[in-house]
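Using my numbering, read the sequence shown as starting at 222 and increasing by one per residue.
From the three backbone atoms N, C-alpha and C, an ideal C-beta is built for every residue, glycine too.
Values in this document were obtained by computation on a predicted structure and should not be read as measured data.
Below is one structure, written out as structure tokens, with a few remarks after it.
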Amino acid sequence: MAYPHFPNTQMVVKVNPTLKVWWKDIERNRELEANELLGGLTALISVESDRHLIKALLKFWDSERLVFKFKDFELTPTIEEIGGFLGLPYRDREMIVPHKPSPRSFLKQMGMHHNPNLLCLKEGWISLEFLYSRFGDEEGHENFHKEFACSPAKWERYRLNAFAVEIIYFR
222 MAYPHFPNTQ MVVKVNPTLK VWWKDIERNR ELEANELLGG LTALISVESD
272 RHLIKALLKF WDSERLVFKF KDFELTPTIE EIGGFLGLPY RDREMIVPHK
322 PSPRSFLKQM GMHHNPNLLC LKEGWISLEF LYSRFGDEEG HENFHKEFAC
372 SPAKWERYRL NAFAVEIIYF R
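Here is the structure:
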């Protein structure tokens with residue numbers, strides 16, 4: 222059996238220190254709201270992945286069929302199965318299906334003016350530094366007020382959403 226080769230495998234091994242600082246600030250001030258919005262995802266901040274285990278598993282990944290393929294069987298764990306192994310109730314929960322919003326839509330959802338110069342959004346990503354400087358920093362609205370289409374009071378509500386975007390999509 223030929224195993225796939227993934228020469229440029231990239232993975233998050235340690236969480237960016239800026240994201241950890243942002244989380245500590247949220248824990249101090251809005252942990253309950255964050256846990257309500259993100260559930261157990263906030264636990265990912267303290268997880269360090271095992272690069273060797275992941276690379277070993279990748280040798281068995283069949284990217285055409287999206288399964289782990291071993292000599293005499295295939296394994297395709299679903300979210301429900303993983304939840305069952307862990308004793309988590311995923312059966313009756315609505316799942317989030319990720320999609321790439323348009324740059325204009327994303328900025329509007331963050332309470333910001335459209336900015337055609339943010340080319341990264343056209344490619345479907347945004348940097349942690351960008352989000353942290355505008356939403357993680359207590360003075361983000363004041364420092365970047367021209368970029369916002371909302372009042373400081375409304376900006377406070379967007380701050381947690383920006384953190385959610387980063388933790389869900391962190392690289």
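Here the alpha carbon of S326 sits roughly 33 Å from the alpha carbon of P298. Secondary structure of F289 (DSSP, three-state): strand. The bridge partners DSSP lists for F369 are M333.
P324 and W243 have their C-alpha atoms roughly 24 Å apart. R378 is classed as exposed because its beta carbon has fewer than 16 other beta carbons within 10 Å across all chains shown. The beta strand (DSSP E) runs lying completely inside the region 237-263 and spanning 3 residues or more number zero. With a cut-off of 8 Å on Cβ pairs, the region 270-289 is not in contact with the region 371-389, counting fewer than three such pairs. Pairing G260 with I247, the inter-Cα distance amounts to about 14 Å. Around the C-beta of F294, fewer than 16 other C-beta atoms lie within 10 Å, and the residue is accordingly described as exposed. No residue range can be given for G357, since it is assigned to no alpha helix (DSSP H) and is classified by DSSP as neither H nor E. Of V236, L339, K280, the smallest CA-CA separation from A264 is found for V236. When DSSP reads this structure, E295 sits in a beta bridge with K290. Between L349 and L240, the CB-CB gap stays under 8 Å. Under the 10 Å beta carbon count, A370 is surrounded by fewer than 16 other beta carbons and is classified as exposed.
Of the candidates Y390, S284, D283, Y390 places its Cα closest to the Cα of I347. For L340, the number of other beta carbons within 10 angstroms of its own is below 16, and it is reported as exposed. Per DSSP, reduced to three states, the secondary structure at W282 is strand.
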